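Enquirer: Oh and the sequence shown: position 121 is 120 in numbering that gives the first Met the number 0, straight run, nothing missing. All C-beta atoms, glycine included, are put in the ideal place defined by N, C-alpha and C. Predicted, not measured: the structure shown is a model, and the values here were computed from it. Here you go, one structure.
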Amino acid sequence: MNDTSNRTIELLSPAKDINCGMAAINHGADAVYIGGPGFGARKNAGNTLADIETLIKYAHLFGVKIYVTLNTLLFEHELDAANKLIHDVYNIGADAIIIQDMGLLETNLPPIPIHASTQTDNRTADKVKFLENVGFEQVVLARELSLEQIKDIREVTTVPLEYFIHGALCVCYSGQCYMSAAINNRSANRGECAQPCRLKYSLKDKNGASIYKDKHLLSLKDLNLTSHIEALIDAGISSFKIEGRLKDVDYVANVTAHYRQVIDKILSRKPEYTRASSGYSKASFEPNTNKSFNRSFTSYFVNGREKGIWSIDSPKSIGEKIGTVKRIAKDHFTLNSSVKISNGDGLSFFTKHKELSGTKVNKVEGDKIYPTNLKGIHQGLTLYRNYDKAFSDAVNKNSTSRKIAVDIDFTERENEFVLSIVDTDQLKTSITCSLSPSSANNPERALAQIQTQISKLGSTIFHPENVNISLSNDWFFQAKELNNARRLLIEQHELKRQNHFKSEKSYFEPNSFPFPKDELNFTANIVNKKAQQFYERHGVKKSDWGFEKDATIKNAELMRTKHCLLYMNNQCLKDYPEARKLLPLTLYNKKDSYQLEFDCKNCEMIVKKAH
């Protein structure tokens, strides 16, 4: 068994732009993933190289890594531009690229670490072992894996394993969904997913009998693995990933701060694991994941199959339950709970037709809540809060910063004055100060002034833990001279930290380690000749073009998912084989129709376009 101790534990946060990236770093992220100017799996989350370089320079002060996403499939004419972009992000100091298209590995790459996106469909030990042997330096596992499956993968691999712990869930295995491409010509593998899984559908059996009518049957709740982090660490996960490259600053700040606290508590009593970056963050608000966008939460398959992973009544943010309506009057209502409601709060509830509706709070007087609209609100109704004004204000007024603890020494030796700084990473910078001392009339006051001036680090990333002064005489120094010396010291030490935490070079060397299969169908997502060459070099004898290149594939699987509508309807075929008489099932809405098949051996549901 591989030793899982002595690992660095990384909290990996999303950034749709530089502001989100800064918020992630300040609230405790050890790494940030961000889209570049193109080829990222969120087409609307691209950033300029200049912004990414600025983020990298700030991140490296804390040893935080910046991963740039280029995790889309690439057509032939795009490979050169994608390769150039990889060289560009390497040149500005990015710490890794995250890719999906294996064709990139057949191009001339700079010496930058390469991570395998979850889009490469990393479900099995054989696949992860292959990626490790090819040269990937981190692998993002499929969200559907359980703790036991992760342990099995860890048993036969040593590559760092990355796993999603929070955020929106794709109902399909990542990289294996072709529904959006098939019906909207918007490929999820090209960063253009139209999210047809969040739409309303009906379900009928082979006789046309209705099972569900107008429900969001493929829509899942959001992931929240707060209570499973320690078990995941012990199972072999090194990088804990928050989903959300389309989310705003307040979401990134809140969720990152939450998981920073969770992970730090674990690391404080598990010395065999170490944190992946430096510095400390103390949030100026109390993090609470219930307050950020969520469709309510699930732990998904981390402990195996469980009930309630779905959110079929609404794909929108429902919020946190706050109670039920106790009394209703002409223009207000009261709750049966003591939850504090504020002016401006957003409330949501399900109508009698199970449609999500909502209203805004205009004012609160005592226990009386005056909403914008009372329509649909009645006694006994369960209410949720999907916008907490007080919490939002606290996050938006956020003054959280990230600091590096340092010791400062001011010493006199051989008629020279030396100012030194040593940080928690044991990096040290010393300068000889240009000072004009005079004898102190009041030694005690002079010493206090020295202490005050050299420890003024408020606007910097440093926080003075200890300040030591060792002088041979009772000297007085001009405050201006001490301030100049301190500023010069800080500038040089910041530069030292940036240089110390520069990205590591990693040279990719092509090999011919055999792929687990020698034949590949369209789900291998091969859309360019270089990707074809890659698989040929690794022993694949026959490979089909991917869906994005050949959308005429007959009877194609548009989706394969662990979410089973029969299981949801308490008709799992393993427990209720008589339900087979209902097959085939048809999933449909006004625009599209799909046939469902069931692979009970693997507990998977298959979605195909109905003929």
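1) For residue 491, which of helix, strand or coil comes out of DSSP?
2) Would residue 8 pass as a contact of residue 275 if the rule is Cβ separation under 8 Å?
3) Tell me where the alpha helix (DSSP H) around residue 131 begins and ends.
4) State the start and end residues of the unbroken alpha helix (DSSP H) segment that holds residue 615.
5) Residue 46 and residue 35: beta carbons closer than 8 Å?
6) With a cut-off of 8 Å on the beta carbons, I'd call residue 105 and residue 548 a contact; round off their distance for me.
7) Using the DSSP secondary-structure output, state which residues sit across from residue 137 in a beta bridge.
8) Alpha carbons only, please: which of 62, 68 and 29 is nearest the one belonging to residue 48?
9) Hey, how far is the Cα of residue 616 from the Cα of residue 359?
10) Could you give the distance in angstroms between the alpha-carbon of residue 192 and the alpha-carbon of residue 186?
11) DSSP three-state label for residue 271, please.
12) Look at the alpha carbon of residue 370 and the alpha carbon of residue 333, and state the distance between them as a whole number of angstroms.
13) So, with DSSP's three-state summary, where would you put residue 340?
14) Where do the N-terminal and C-terminal ends of the beta strand (DSSP E) with residue 242 fall, by residue?
15) Identify the continuous alpha helix (DSSP H) that holds residue 153 and give its terminal residues.
16) CA-CA distance, residue 75 and residue 82?
17) Residue 327 by DSSP, collapsed to three states: which one?
18) Nearest-angstrom Cα distance between residue 156 and residue 145?
19) Out of 551, 352, 510 and 374, which has the shortest C-alpha to C-alpha gap to residue 532?
20) If we cut at 8 Å on Cβ distances, does residue 509 have a partner in chain C?
21) Which same chain residues, not among the five before or five after residue 133, have their C-beta less than 8 Å away from its C-beta?
22) Can you have a look at residue 110 and say buried or exposed, based on whether 16 or more other CB atoms are within 10 angstroms of its CB?
23) On a Cα-Cα basis, can you pick out the residue from 398, 148 and 421 that is closest to residue 407?
24) Closer than 8 Å is the cut-off here; do at least three beta carbon pairs connect the region 431-440 with the region 467-478?
25) Could you name each continuous beta strand (DSSP E) segment of 3 residues or more that falls completely within the region 253-311, going from the start of the chain to the end?
26) Less than 8 Å separating the beta-carbons of residue 338 and residue 322?
27) Look at the alpha carbon of residue 498 and the alpha carbon of residue 182, and state the distance between them as a whole number of angstroms.
28) Please name the residue, chosen from 423, 375, 451 and 107, that lies closest to residue 279 on a Cα-to-Cα basis.
29) Kindly list the residues whose CB is nearer than 7 Å to the CB of residue 150, restricted to its own chain and excluding five residues on each side of it in sequence; keep chain order.
30) Measuring from the CB of residue 192, is there a heavy atom of the ligand GTP at a distance below 7 Å?
31) Strictly by DSSP, which residues pair up with residue 166?
32) Checking the sheet assignment: what are the DSSP bridge partners for residue 474?
33) Grouping DSSP H, G and I as helix and E and B as strand, with all else coil, what is residue 24?
34) For residue 19, which of helix, strand or coil comes out of DSSP?
35) Going by beta-carbon coordinates alone, are residue 296 and residue 214 separated by less than 8 Å?
36) Let me confirm a value: residue 270 is counted as buried when at least 16 other C-beta atoms fall within 10 Å, else exposed. Which label applies?
Expert: Taking the coordinates as given:
1) Three-state DSSP puts residue 491 in a helix.
2) Cβ distance < 8 Å, so residue 8 and residue 275 count as in contact.
3) Segment 124-133, the alpha helix (DSSP H) holding residue 131.
4) The chain is shown from 0 up to 610; residue 615 falls before or after that span and cannot be answered.
5) In this structure, residue 35 lies closer than 8 Å to residue 46 by Cβ.
6) So it is not a contact: roughly 17 Å between Cβ atoms.
7) Beta-bridge pairing by DSSP links residue 137 to 114.
8) Among 62, 68 and 29, the Cα nearest to that of residue 48 is on 68.
9) Absent from the model: residue 616. The displayed extent of the chain is 0 to 610, so no value can be given.
10) In this model, residue 192 and residue 186 are separated by some 6 Å (Cα to Cα).
11) Of the three classes helix, strand and coil, the one that applies to residue 271 here is coil, per DSSP.
12) Straight-line Cα distance between these residues: approximately 11 Å.
13) Three-state DSSP puts residue 340 in coil, outside helix and strand.
14) Note, residue 242: premise wrong, no beta strand (DSSP E); not H, not E.
15) First-last of the alpha helix (DSSP H) with residue 153: 146-155.
16) Using only the alpha carbons, I get a separation of about 12 Å.
17) Reduced to three states, the DSSP call for residue 327 is strand.
18) The straight-line gap from Cα to Cα measures roughly 17 Å.
19) Residue 532 has its Cα closest to that of 510, out of 551, 352, 510 and 374.
20) In the displayed structure, chain C is absent; only one protein chain is listed.
21) Excluding its 5 nearest sequence neighbours in each direction, residue 133 has C-beta neighbours in its own chain below 8 Å: 104, 510, 512 and 537, listed in chain order.
22) Residue 110 should be labelled exposed.
23) Selected option, being the one with the closest Cα: 421.
24) For the pair of segments examined, the region 431-440 was found to touch the region 467-478: the number of CB pairs separated by less than 8 Å reaches three.
25) Qualifying beta strand (DSSP E) stretches, in chain order: 272-274.
26) Result yes, Cβ atoms of residue 338 and residue 322 sit closer than 8 Å.
27) For residue 498 and residue 182, the distance between alpha carbons rounds to 49 Å.
28) Checked all of 423, 375, 451 and 107; the closest Cα to residue 279 is 423.
29) Taking C-beta separations shorter than 7 Å and ignoring five residues to either side along the sequence, the partners of residue 150 in its chain run 234 and 235, following chain order.
30) By its list of ligands, the structure shown contains no ligand whatsoever, and the ligand GTP lies outside what it can speak to.
31) Residue 166 is bridged to 222.
32) DSSP output for residue 474 lists 438 as bridge partner(s).
33) Helix at residue 24.
34) Helix.
35) The answer is no: Cβ separation not under 8 Å.
36) Classification of residue 270: exposed, given that the 10 Å Cβ count is below 16.
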